[in-house]
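2 protein chains.
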Amino acid sequence: MRIAVDAMGGDLGPRAAVAGAASAVMADPDLDILLFGPAGQLDDEISRLPRPLVAAASSMDVIDAPGVVRQDQRPAQVLRGEQTTSMSGMLACLARGEAQAGVSAGNTGALMALARRALGMVAGMSRPAISTAIPTRREGRCYLLDLGANVEVEAQRLRDFALMGEVMARRIDGQERPRVGLLNVGVEGTKGTFSVQHADELLRQETALEYLGFVEGDAIFSGDVDVVVCDGFVGNAVLKASEGLARMLVRRVQATFEAHWSSRLVGWLARPALARLRGELDPVRYNGASLLGLDGIVIKSHGSADTAGFHYAVARAAREVTHDLPACLAQELGRRGSVG
Amino acid sequence: MRIAVDAMGGDLGPRAAVAGAASAVMADPDLDILLFGPAGQLDDEISRLPRPLVAAASSMDVIDAPGVVRQDQRPAQVLRGEQTTSMSGMLACLARGEAQAGVSAGNTGALMALARRALGMVAGMSRPAISTAIPTRREGRCYLLDLGANVEVEAQRLRDFALMGEVMARRIDGQERPRVGLLNVGVEGTKGTFSVQHADELLRQETALEYLGFVEGDAIFSGDVDVVVCDGFVGNAVLKASEGLARMLVRRVQATFEAHWSSRLVGWLARPALARLRGELDPVRYNGASLLGLDGIVIKSHGSADTAGFHYAVARAAREVTHDLPACLAQELGRRGSVG
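These protein sequences, in sequence, are chains B and P. Quick note on my numbering: the first sequence kicks off at 1 and runs consecutively. Quick note on my numbering: the second sequence kicks off at 1 and runs consecutively.
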């Protein structure tokens, strides 16, 4: 299986992307990686791989792409610009069928627009939705979508988000009957905007769906729902607030132990547990986000993803390839005929 | 100073309200409390106050109000109904000037509607906004508003939220120049809905305001902004998601120590620190929320507030009385003439 990786555009530069892809290869030796970016820079990073990852170098090839899509570029500008960037190179490679999935930590809006043009959509979807799996209580996960810049979303799009998220949870994670909730300001049927009210009506007509009705924000983490649907403005705000809160709480945990522990001995003994905790307390950062509805597999890695973050994004891409997510969506939603 | 407390309507029943009010009196002996609810039930709760709070009973009076506003009642229904509830009794007492502030953990929509009718608005505001102080890094706090059910908010209302939140941070918390941010899906000027774009233009014209422009969700907890403004749908979703995440993380912290600690001795030694941590890890639950823009002071306590939660809500009410928040809003925003 070959995964194309846009190695540029993440906050930590190509080192995190190259090391993360290498780490994913070490965990899954069937993976081949194509790295897109300035060849000299990427070759340098490969030669500097830490010793435990060196063996992965033989499964990684570099494709020279001199340009980089900047974070502050507008999608329309990127669409019009020269297609010599690492992002457009990665997507063109997917479009030619030379890789089965792509990963990028770059500009989300540009990635959505370029991917849509390069790969097209399935099942009558108009634009990609973005979804990520958020860890919940009881070792569960909840897909939250949309997280993209799709603001002011009409009811039909919210319904489509629900259907796509449900297919992903069922086909990729093997959940038998994913429970779907529509995010609202109250669980009572009378609350919320017109589009949320209308989307609720549409979803109640989807008799094959395990639709729970309205849920509130805390349901995302409760473990009681598998797919939570909202517009891209709300989803983006919720996801970023959760990241900020998790970061703050990590500091509080550390400060609590540093400030209050009655003896240094106990603080020292607690160190391994605290180290593990730090890794667990940032639950939203380490999962790639799927661009759903594309006729292809593209994973958006978090902008600030480190080696572990890229590793997970590449592994997520491989998982969606194994289950052929676009074919699942096309088959299940295209056949319905009512989406789009 | 006299605070009127609607003792009914919280998830934990009148016991938490009565004990919380008593706890606030113990901390501030200048407080008098009027408790509204079924007299027999409230007298019972007063007689059952735990020993450290018994002395507060002499500062607490019960006003019989047999009815209770249920959580599932619509505001319009409550407005039309008989005004014999603990909530309407508390508000009528405020309107008559027999108490300087009111506290309720009941139905938020009903509280907003009844309070608006009973007390009226200041400075041309059309409806109350709801705001709460969220703990941030570096021991700071950030006011988030609106948290109410004001969905689909136009730009002028977002501007009003910003102005009211700024007055609260400056006059109540004594911040010299509160920094105000407008929540959006990106900090770039080109993103977001029409109303967010338009509100940004309006806020740029408020030259007296320390307006930072667009901020993303993680800014709420970063300590870099003192007031974050959004519509009530987004604010409600963000607040409730934060509550859910905090609860999940509390469980993870506990599980980490229970599962991994190499010795029971260390786990036992860590117990006091973990207990402190549990209290700190639920930062959004223990602050009362202010109903801003009313010609009166009403604090909404969290529906699931326990004794400590009610204590903080009563203390918050007292603080707003001391600084006469409605007069500050009327003076600063009324004089401007451009609000409403």
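C-beta: ideal position from N, C-alpha, C; glycine also.
Contact between the region 123 to 133 of chain P and the region 186 to 203 of chain P is absent, with fewer than three C-beta pairs closer than 8 angstroms. A straight-line Cα-Cα distance of about 32 angstroms links residue 246(P) and residue 46(P). Contact annotation for residue 72(B) against chain P: 188 [CB-CB distance below 9 angstroms, chain order]. Taking 3 residues as the shortest admissible run, the region 154 to 217 of chain B contains the following complete beta strand (DSSP E) segments, listed from N- to C-terminal end: 179 to 183 and 210 to 215. Residue 131(P) sits in a strand when the DSSP states are folded into three classes. Across the set 251(P), 207(P) and 165(P), the C-alpha of 165(P) shows the shortest separation from the C-alpha of residue 328(P). Every beta strand (DSSP E) of 3 residues or more that sits fully in the region 218 to 261 of chain B is shown, in chain order, as 227 to 229. The alpha carbon of residue 49(B) has as its nearest neighbour, out of 29(B), 62(B) and 20(B), the alpha carbon of 20(B). Burial check for residue 301(B): the Cβ neighbour count within 10 Å reaches 16 or more, so the residue is buried. In this structure, the CA atom of residue 97(B) is about 19 angstroms from the CA atom of residue 37(B). Boundaries of the alpha helix (DSSP H) harbouring residue 111(P): 108 to 119, taken from the DSSP string. One finds nothing in chain B with a Cβ atom closer than 9 angstroms to the Cβ of residue 26(P); even the nearest lies about 25 angstroms away.
Here residue 65(P) carries a coil assignment [DSSP, helix/strand/coil].
Interface with chain B (8 angstroms Cβ-Cβ cutoff): residue 220(P) is included. Of all alpha-carbon atoms in 105(P), 95(P) and 321(P), the one lying nearest the alpha-carbon of residue 15(P) is that of 105(P).
Collapsing the DSSP output to three states places residue 2(P) in a strand. Rounded to whole angstroms, the gap between the alpha carbons of residue 86(P) and residue 212(P) is 42 angstroms. Chain B has a Cβ within less than 8 angstroms of the Cβ of residue 241(P). Within chain P, the C-beta atoms nearer than 8 angstroms to that of residue 230(B) come from 237, in chain order. Residues of chain P whose Cβ lies closer than 8 angstroms to the Cβ of residue 246(B) are, in chain order, 245 and 249.
In the DSSP assignment, residue 21(P) falls within the unbroken alpha helix (DSSP H) covering 14 to 27. Assigned with DSSP and collapsed to three states, residue 87(P) falls in helix. In the same chain as residue 175(P), and ignoring 5 residues on each side of it, the C-beta atoms closer than 8 angstroms to its own belong to 169 and 226, in chain order. Interface annotation, residue 334(P): not in contact with chain B, CB-CB separation never under 8 angstroms. Going by beta carbons, residue 218(P) and residue 232(B) fall outside the 8 angstroms limit.
Residue range 39 to 47 is occupied by the alpha helix (DSSP H) that includes residue 47(B). Taking 8 angstroms as the threshold, the shortest C-beta distance from residue 79(P) to chain B does not fall below it. Relative to the Cα of residue 40(B), the nearest Cα in the group 272(B), 95(B), 324(B) and 7(B) belongs to 7(B). In this structure, the straight-line span from the alpha carbon of residue 157(B) to that of residue 90(P) is close to 44 angstroms. With fewer than 16 neighbouring CB atoms inside 10 Å of its own CB, residue 189(B) falls in the exposed class. Around residue 116(B), no beta-carbon contact reaches into chain P at under 8 angstroms, the shortest distance being about 18 angstroms. In this structure residue 311(B) touches residue 23(B) by the C-beta definition: roughly 4 angstroms separates them, less than 8 angstroms. Assignment of residue 81(P) by DSSP, reduced to helix, strand and coil, places it in the coil class. Rounded to the nearest angstrom, the gap between the Cα atoms of residue 124(P) and residue 160(P) is 10 angstroms. Nearest Cα to residue 9(P) within the set 2(P), 52(P) and 17(P): 17(P).
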